[in-house]
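Residue numbers (this note's numbering): 123 to 255.
For glycine and all other residues, C-beta sits at the position ideal for the given N, C-alpha and C.
Heads up, the thing below is written out as structure tokens.
Following this line, the structure appears as structure tokens:
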């Protein structure tokens, strides 16, 4: 998820430089969603995650320096639903800040997606019971 077109383009250029095709689409609320293919080799995945975290840090610094944005308190996370579609979910900024202090943006996405998929496929009965196969 990118709110700055230049940062989005930098990330897509980085991915292309590592032989990774990416697609981009406007987000339904604001900004852009860049999608990469699943199943990247571990070293490529690590390189992409490191670059994404670096760009997200820069995006955060730019946002904090923008007086107009600082006046608006909004935060969100993109979740992937069971059918593969993505949605943006607003979360209170203090919670988002706490999440990002302890988890990478990719990990926050994984957590939120797991919760969304759990809502789509609720568990009947106790959680300790093994899921049926």
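**Prompt:** Are residue 270 and residue 227 close, meaning C-beta to C-beta below 8 Å?
**Reply:** Since the first residue shown for the chain is 123 and the last is 255, residue 270 is missing from the structure and cannot be characterised.
**Prompt:** At a cut of 8 Å, does the segment 197-215 reach the segment 167-174 through at least three beta carbon pairs?
**Reply:** no
**Prompt:** Do you know offhand how far residue 158's Cα is from residue 225's?
**Reply:** 20 Å
**Request:** With DSSP as the reference, label residue 142 as helix, strand or coil.
**Result:** coil
**Request:** Assuming residue 149 contacts residue 235 (C-beta within less than 8 Å), just tell me the rounded distance between them.
**Result:** Between residue 235 and residue 149 the Cβ distance is about 16 Å, and since that is not below 8 Å, they are no contact.
**Prompt:** Can you tell me whether residue 134 is buried or exposed, with buried defined as 16 or more other CB within 10 angstroms of its CB?
**Reply:** buried
**Message:** Just verifying my parser: in three-state terms, what is the DSSP assignment at residue 136?
**Reply:** DSSP places residue 136 in helix when its eight states are reduced to three.
**Message:** On the DSSP bridge list, what partners appear for residue 202?
**Reply:** 208
**Request:** With DSSP collapsed to three states, give me the class of residue 147.
**Result:** Residue 147 falls in the strand class under three-state DSSP.
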